[in-house]
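In our numbering, the protein residues as written are 93 to 533.
A short write-up of the structure that comes next.
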Ligand SMILES: [Zn+2]
């Protein structure tokens, strides 16, 4: 279970006041460590390193976006990664004028197999939900909900102007999920009325009537707009939790479930100063009254999701909680924009494991992001491809057992076109979120 931006500082603070029973239980029952992301600050790069067992130089995903160019004659969209080298003033306008498009990183850009490819090749089953850079959804044994599925639902919700309309089959973007029929299970429960939304939000923020009204009307994740950050982080995470639940109920418990909850990162960027006010100049008490519970409750919401998903597993199951990076206060505070928390230099993330065979109550120090994939393979009793740079984190286990290695025979050559018809509305939805967090301009 991935919690984007989960930070040990926040966990320690909130566990001390008994607000995170499931996570605190994992700490005492299992093994904890800091996740070393090699100083990386970009989420897609880190999550892909965890899933592949190799660093960004090898798997090829090192940022949120890249460039593509549509050939006007053939109509085909081709990657033009080299265009990223253009970084002078006005270069983006120039590239756009020449027909280039900035596109989100995608699974087609990944040069190395991820855990779900490796397991599928070994005849094992997976359930993947909202892992970074998984659109277009690859063919897996089991089910995969790509990271664009949620953005697509949000876009439809906005474009259709009503939550009651069913999207036409022709509106559906292929490759959002594997199998494609899975998407129809996800759209219906994603609808939510105004009253339900306000009720959900009330635990995170104590809003005035005016703010409640604005929350209802806010349509996109917008830079500087706290209400939009809360609304769309929450909708995104509820979607991912539902998707995971649906995978388990529709397809049964697979050998590996891998999900990333992404909202906590955005919430931490915007609300860090309310959790650690001592790092900042005095905060207006009226603002604190509105937003003071935002992060504590968001962590508690994740804690509940962890407990709920764990309860769905019928067999004894190893649970791993990881985050890509921690959060540090934005300093100097004089230049404080909408963001008060940041992770530009890749502060350590979280590594927690508990379950059968995992050492109890142990602090394992620091474990690299590239160790996640080999460690998971070993837990499943599978051989570890020799060409991974990560190692099996044997310090997590009571008795680690013999690690088996094998030569990997999966072809890691990515296609040269981005695959799947990239949909401009959904790309815009993804871009608005990246812009709100300051990752792209
Ligand atoms: Zn972030």
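Even glycine gets a Cβ: it sits at the ideal position worked out from N, Cα and C.
Let's see if you can read the secondary structure: which residues bound the beta strand (DSSP E) around residue 192?
Looking at the DSSP string, the run of the beta strand (DSSP E) that includes residue 192 is 192-196.
I want to check one thing, is the minimum distance from the CB of residue 435 to the heavy atoms of ligand 1 below 7 Å?
yes
Below 8 Å between beta carbons: does that hold for residue 170 and residue 160?
yes
Span separating the alpha-carbon of residue 108 from that of residue 118
Annotation: residue 108 to residue 118 spans about 14 Å, alpha carbon to alpha carbon.
Check whether the Cβ atoms of residue 225 and residue 148 lie closer than 8 Å to each other.
no
Limits of the beta strand (DSSP E) - the one that residue 171 falls within
169-171
Find the nearest neighbour of residue 316 within the set 374, 525, 131, 99, judged by alpha-carbon distance.
525
Per DSSP, which one or two residues make a beta bridge with residue 391?
None; residue 391 has no bridge partner.
DSSP state of residue 324 mapped onto helix, strand, coil:
helix
If you measure between the beta carbons of residue 112 and residue 392, is that distance less than 8 Å?
yes
Consult DSSP for residue 525 and reduce its assignment to one of helix, strand or coil.
Residue 525 falls in the helix class under three-state DSSP.
Can you tell me where the alpha helix (DSSP H) with residue 135 in it begins and where it stops?
Residues 135-144.
Could you tell me if residue 491 is buried or exposed, where buried requires 16 or more neighbouring beta carbons within 10 angstroms of its beta carbon?
exposed
Run through the DSSP bridge pairs and tell me what residue 433 is partnered with.
421
Continuous beta strand (DSSP E) stretch holding residue 161: start and end
157-162
On the three-state DSSP scale, how would you describe residue 284?
coil
Please name the residue in 453, 500, 285 whose C-alpha comes closest to that of residue 214.
500
Reference residue 279; option with closest CA among 423, 330, 173, 528:
330
Is residue 438 closer than 8 Å to residue 132 when the C-beta atoms are compared?
yes
Please classify residue 186: is it buried, with 16 or more other beta-carbons within 10 angstroms of its beta-carbon, or exposed?
exposed
Taking the Cβ atom as the reference point for each residue, do residue 241 and residue 333 lie within a distance shorter than 8 Å?
It is not a contact, given that the beta carbons lie outside the stated cut-off.
Any heavy atom of ligand 2 closer than 7 Å to the CB of residue 104?
With respect to ligand 2, the structure shown offers nothing to examine, as its ligands consist of ligand 1.
Would you mind reading off the limits of the alpha helix (DSSP H) that contains residue 478?
Residue 478 -> no alpha helix (DSSP H), and no H or E assigned at all.
Which value, in whole angstroms, describes the spacing of the CA atoms of residue 254 and residue 477?
Any answer about residue 254 is weak, because its pLDDT of 48 lies below 50 and its placement is not dependable; what the coordinates show is given next. Each residue's alpha carbon lies about 49 Å from the other.
For residue 337, which of helix, strand or coil comes out of DSSP?
helix
Among 417, 423, 110, the one whose alpha carbon lies nearest that of residue 76
It is not possible to answer for residue 76, since the shown part of the chain is limited to 93 through 533.
Between the stretch 344-354 and the stretch 370-385, do three or more beta carbon pairs fall short of 8 Å?
no
Would you say the beta carbon of residue 348 comes nearer than 7 Å to a heavy atom of ligand 1?
no
Can you find a heavy atom of ligand 1 that lies under 7 Å from the Cβ of residue 529?
Within the cutoff, so yes.
Rounded to whole angstroms, what is the Cα-Cα separation between residue 291 and residue 172?
45 Å
When burial is assigned at 16 or more other CB atoms within 10 Å of the CB, is residue 208 buried or exposed?
buried
If distances are taken between C-alpha atoms only, which option among 480, 486, 530, 191 comes closest to residue 145?
480
Just to confirm my understanding: we take residue 245, look at its own chain, exclude 5 residues before and 5 after, and list those with CB closer than 8 Å. What are they?
Result list for residue 245: 278, 279, 282, 331, in chain order.
Measuring only the C-alpha atoms, how far is residue 410 from residue 123?
11 Å
If we count the other Cβ atoms within 10 Å of its Cβ and call it buried at 16 or more, is residue 210 buried or exposed?
Classified as buried, residue 210 has 16 or more neighbouring CB atoms from the shown chains inside 10 Å of its CB.
Counting C-beta neighbours from all protein chains within 10 Å, is the total for residue 497 16 or more, i.e. buried, or is it exposed?
exposed
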